[in-house]
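Peer 1: Count the sequence shown with the working numbering and you get residues 994 to 1260, in order.
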Amino acid sequence: MKPAIQRPETLIVDRDPRGVVRLTLNRPDIRNAFDGVLIADLTICLDDLAADKDIRALVLTGAGAAFSAGAELNWMRSSGEQGDHENFQDALRLAGVMRRLDSMPMPTIARVNGAAMGGGVGLTACCDMAVAAAGALFALSEVKLGIIPGAISPYVLRAIGPRNARRYFLTGERFDAATAYRIGLIHEVVEESALDSTVEALLAELLSAGPKAVRAAKDLIKHVATKEIDDLLSRDTAQRIAHQRVTDEAKEGLSAFLEKRKPGWTV
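#1: Could you tell me whether the region 1173-1190 touches the region 1124-1140, where touching means 3 or more Cβ pairs closer than 8 Å?
#2: Tell whether a beta-carbon distance below 8 Å holds between residue 1132 and residue 1100.
#3: In angstroms with no decimal places, state the Cα-to-Cα distance between residue 1252 and residue 1181.
#4: Assuming residue 1056 and residue 1108 make a contact with CB atoms under 8 Å, what is their CB distance in whole Å?
#5: Could you tell me which of 1025, 1094, 1196 and 1136 sits nearest to residue 1106, measuring between CA atoms?
#6: In three-state terms, what does DSSP make of residue 1138?
#7: Can you give me the Cβ contacts of residue 1164 inside the same chain, cut-off strictly under 8 Å, excluding the 5 residues immediately before and after it?
#8: Report the residue from 1213, 1138 and 1238 whose alpha carbon sits nearest the alpha carbon of residue 1226.
#9: Could you tell me the distance, in whole angstroms, from the CA atom of residue 1176 to the CA atom of residue 1203?
#10: Output needed for residue 1102: all residues of its chain with C-beta closer than 8 Å, excluding positions within five of it in sequence on either side, in chain order.
#11: Any idea what DSSP makes of residue 1006, helix, strand or coil?
#12: Suppose contacts are defined by Cβ-Cβ distances below 8 Å. Is residue 1060 in contact with residue 1112 by that definition?
#13: Consult DSSP for residue 1226 and reduce its assignment to one of helix, strand or coil.
#14: Spell out the partners DSSP gives residue 1110 in its beta bridges.
#15: Could you pull the DSSP bridge partners for residue 1102 from this structure?
#16: Under 8 Å, Cβ to Cβ, is there at least one residue of chain D near residue 1114?
#17: Are there 16 or more other CB atoms within 10 angstroms of the CB of residue 1083, so buried, or fewer, so exposed?
#18: Using 10 angstroms around the beta-carbon of residue 1065, count the other beta-carbons present and answer buried if the total reaches 16, otherwise exposed.
#19: Between the Cα of residue 1207 and those of 1179, 1243 and 1174, spot the shortest distance and give me the residue it belongs to.
#20: Please determine, among 1033, 1215, 1139 and 1150, the residue with the shortest C-alpha to C-alpha distance to residue 1087.
#21: Are there 16 or more other CB atoms within 10 angstroms of the CB of residue 1217, so buried, or fewer, so exposed?
#22: Mind listing, in chain order, the continuous alpha helix (DSSP H) runs of no fewer than 4 residues lying wholly within the region 1033-1099?
#23: What's the C-alpha gap between residue 1179 and residue 1110?
#24: Out of 1022, 1010 and 1011, state which residue places its alpha-carbon closest to the alpha-carbon of residue 1003.
#25: At the level of alpha carbons, what is the spacing between residue 1156 and residue 1149?
#26: Grab me the residues of residue 1241's own chain with a C-beta within less than 8 Å of its C-beta, minus the 5 sequence neighbours each way, in chain order.
#27: In angstroms, rounded to a whole number, what distance separates the CA positions of residue 1169 and residue 1201?
#28: Tell me the rounded alpha-carbon separation between residue 1260 and residue 1160.
#29: Quick one: using the 10 Å Cβ neighbour count with 16 as the cut-off for buried, is residue 1171 buried or exposed?
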């Protein structure tokens, strides 16, 4: 078992013996809002976690009653008062956090324990799976402040589609977890008391699968999702499965199935 990962006080990083990392935004006094410090800490943390091939899954959540309130308003105002270059760099750093989370090589789960506003919706959309407490509220409320959800828009649009974005980007209205589920932002809505057990059930499914296969499947989705279906894509996907099924992991998985036993990666 690797030692616990040490992080700044803005983040809590816990790693269990199975290789599951729980990353908690730890600013409950400001509802886990983003500012320059948290963005910098998340950037470093996500880079470090992405480089660790032994991590089987990453769970993202918030400390206290909120998941994340999005951008901290005083930080947002001060960014807007800077020169054009530094204002752009601040926005680019936030966009970088979203891109890093979206491209993490291991499976990611958003454990939405409470309100997710603005950038909090972005974090949710960047995760592979999302489970929300029934009482969680959501909003893409940037227009209420005279701004737009720029950095998070590619990921939220992909999750909820342009039609739903036309409503929620433009109105900035709040919506509940049931609506978040209906529009595709959330995969499951459960009572708060069942949040951890539901996340654990997803983790159990992930941990029952081949670790390298899970990562390869995630990379496959990223590669195929926006491609035109043609001969080149067919050849590429055929090459990917041909490569995967001669790996030691594939041989172990097939042997375990035929021998009616659990594969060696089971924890």
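In this text, a Cβ means the ideal position worked out from N, Cα and C, and glycines have one as well.
Peer 2: Quick look at the numbers:
#1: yes
#2: no
#3: 34 Å
#4: Wrong, their Cβ atoms sit about 13 Å apart, outside the cutoff.
#5: 1025
#6: helix
#7: 1136
#8: 1213
#9: 31 Å
#10: 1050, 1051, 1052, 1053, 1120, 1121, 1122, 1123, 1124, 1192, 1195 and 1196
#11: strand
#12: no
#13: helix
#14: 1132
#15: 1052 and 1122
#16: Among the protein chains of the structure shown there is no chain D, as only one such chain exists.
#17: buried
#18: buried
#19: 1243
#20: 1033
#21: exposed
#22: 1066-1073 and 1077-1095
#23: 14 Å
#24: 1022
#25: 12 Å
#26: none
#27: 32 Å
#28: 44 Å
#29: exposed
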